[in-house]
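What follows is a set of notes on a single structure, which appears directly below.
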Amino acid sequence: MRRHTRCALFLTFALAPALASAVQLQPGVWEVSAHNMQVGGQAMPGMDQILAQMKNLPPEQRQMMEGMMAERGVKLGAGGVQICLTEEQIKAQDIPLQDPNSGCNQQITERSGNLWKFRFTCPQAQGEGETRFISDKEFTTQVKGTYKGQPSSMESQARWIGADCAALK
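Just so we're aligned: 13 in our numbering is position 9 of the sequence shown, and the numbers increase by one with no gaps anywhere.
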């Protein structure tokens with residue numbers, strides 16, 4: 005997989021904050037898509053391009069990538085990556101929207117109604133962002149920071165797909 009695609013996937017998984025909100029999010033399958041990603045002034049592939057590249061991988065490579073994602077409870081969806089949020093995670097405000105093995109840490113710096121601001125540090129990235137909770141079935145996130153010393157930014161949208169997480173376990 006090309007370097008830009010790997011970088012975009014890293015940003016998608018590692019820079020999303022661990023969140024809960026004043027809005028009680030729905031438990032179940034959530035699809036997260038990233039767009040408007042830039043590193044060092046260069047546009048990174050959007051989620052639609054990443055998904056298209058994944059579909060065009062040789063079968064062995066695609067199976068390997070899907071297997072690695074499945075080990076983390078992640079699956080490719082029609083418009084992004086899908087994760088499962090359990091009712092327990094939502095109630096405990098423990099919503100793991102980044103790979104727990106990424107080495108990233110987030111800190112919520114401000115909670116104001118449906119807008120949360122945060123800072124994050126990762127082994128190769130750091131920055132800040134904000135998440136706006138639109139409803140119990142949708143939220144958006146904007147992130148600005150650095151990735152490997154280069155200025156970076158991205159936007160993501162998460163939307164609720166359904167209550168049944170069986171396909172992700």
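No residue lacks a Cβ here, since even glycine has one placed at the ideal position from N, Cα and C.
7 Å Cβ cutoff met for tryptophan 164 and tryptophan 34: Position 160 of the sequence shown, counting from 1, holds the residue named residue 164. Position 30 of the sequence shown, counting from 1, holds the residue named residue 34. Cβ distance < 7 Å, so tryptophan 164 and tryptophan 34 count as in contact.
Contact check, cysteine 108 vs cysteine 126, beta carbons under 7 Å: Position 104 of the sequence shown, counting from 1, holds the residue named residue 108. Position 122 of the sequence shown, counting from 1, holds the residue named residue 126. Yes.
CB of phenylalanine 122 within 7 Å of CB of isoleucine 112, strictly: By 1-based counting over the sequence shown, the position of residue 122 is 118. By 1-based counting over the sequence shown, the position of residue 112 is 108. Yes, the Cβ-Cβ distance between phenylalanine 122 and isoleucine 112 is below 7 Å.
Endpoints, the alpha helix (DSSP H) within which methionine 158 is located: In the sequence shown, counting from the first residue as 1, residue 158 sits at position 154. Careful: methionine 158 lies outside any alpha helix (DSSP H), inside the beta strand (DSSP E) at 154-166.
Exposed unless 16 or more other CB atoms sit within 10 angstroms - verdict on alanine 248: Since the displayed the chain opens at 5 and closes at 173, residue 248 lies outside it and no answer follows.
Terminal residues of the alpha helix (DSSP H) in which glycine 71 lies: In the sequence shown, the residue the question calls residue 71 occupies position 67. It spans 63-75 - the alpha helix (DSSP H) in which glycine 71 sits, taken as one unbroken run.
Chain D contact for threonine 135 (CB, 7 Å cutoff): In the structure shown, chain D does not exist; there is a single protein chain.
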